[in-house]
Amino acid sequence: MRITFKTAAVEALKPYLEDGKGILKLVYDTEGCGCVVNGVSALHIVGQASPGDVIGEGDPFPFLYEERYEVFFEPELKLDYNPARQAFILASDSQIYSHDLRFFPQGTATF
Numbered sequence: 087m088r089i090t091f092k093t094a095a096v097e098a099l100k101p102y103l104e105d106g107k108g109i110l111k112l113v114y115d116t117e118g119c120g121c122v123v124n125g126v127s128a129l130h131i132v133g134q135a136s137p138g139d140v141i142g143e144g145d146p147f148p149f150l151y152e153e154r155y156e157v158f159f160e161p162e163l164k165l166d167y168n169p170a171r172q173a174f175i176l177a178s179d180s181q182i183y184s185h186d187l188r189f190f191p192q193g194t195a196t197f
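Residue numbers for the sequence shown follow my numbering, so the first one is 87 and each next one is one higher.
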């Protein structure tokens, strides 16, 4: 899987990733959704990979994701940021996954 980061997304994520202590993770959260196909995408900043995580291609930020949830995403994704709404947008050429992607800086996500 690969994410192309738009300039606005890079600028919004830089403060969380430039020190090298955090890693971006694309999460497919199914907690409380009732069924795995009803999951919600989110971005987390984590300190390290978890068992089952794989590294996705991204420029300038590589990212982690759980391989078992790869089926819910297309191979080529785009991440943008809308500063007016303070919201990340995850999309592909054929769909918008979220125009208000949840973002959890390091230490704020609960699993």
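Glycine included, each C-beta is placed from N, C-alpha and C at the ideal position.
Bear in mind the structure is a predicted one, so any value in this text is a computation, not a measurement.
Leaving aside the five residues that flank I131 on each side, the residues in its chain whose CB is nearer than 6 Å to its CB run, in chain order, Y102, G108, P191, Q192. Under the DSSP assignment, A173 falls in the beta strand (DSSP E) whose first and last residues are 173 to 177. Under DSSP, the beta-bridge partners assigned to G144 are I89. DSSP, read as helix, strand or coil, puts E153 in helix. Looking at the DSSP output, E162 bridges to R88. About 6 Å separates the CB atoms of S178 and E162; that is less than 8 Å, so the two are in contact.
Secondary structure note for K111: its beta strand (DSSP E) is the uninterrupted segment 109 to 115.
Take the alpha-carbon of G144 and the one of R88: they are about 6 Å apart. Taking the Cβ atoms as the reference, L150 lies roughly 20 Å from K92, outside the contact range of under 8 Å.
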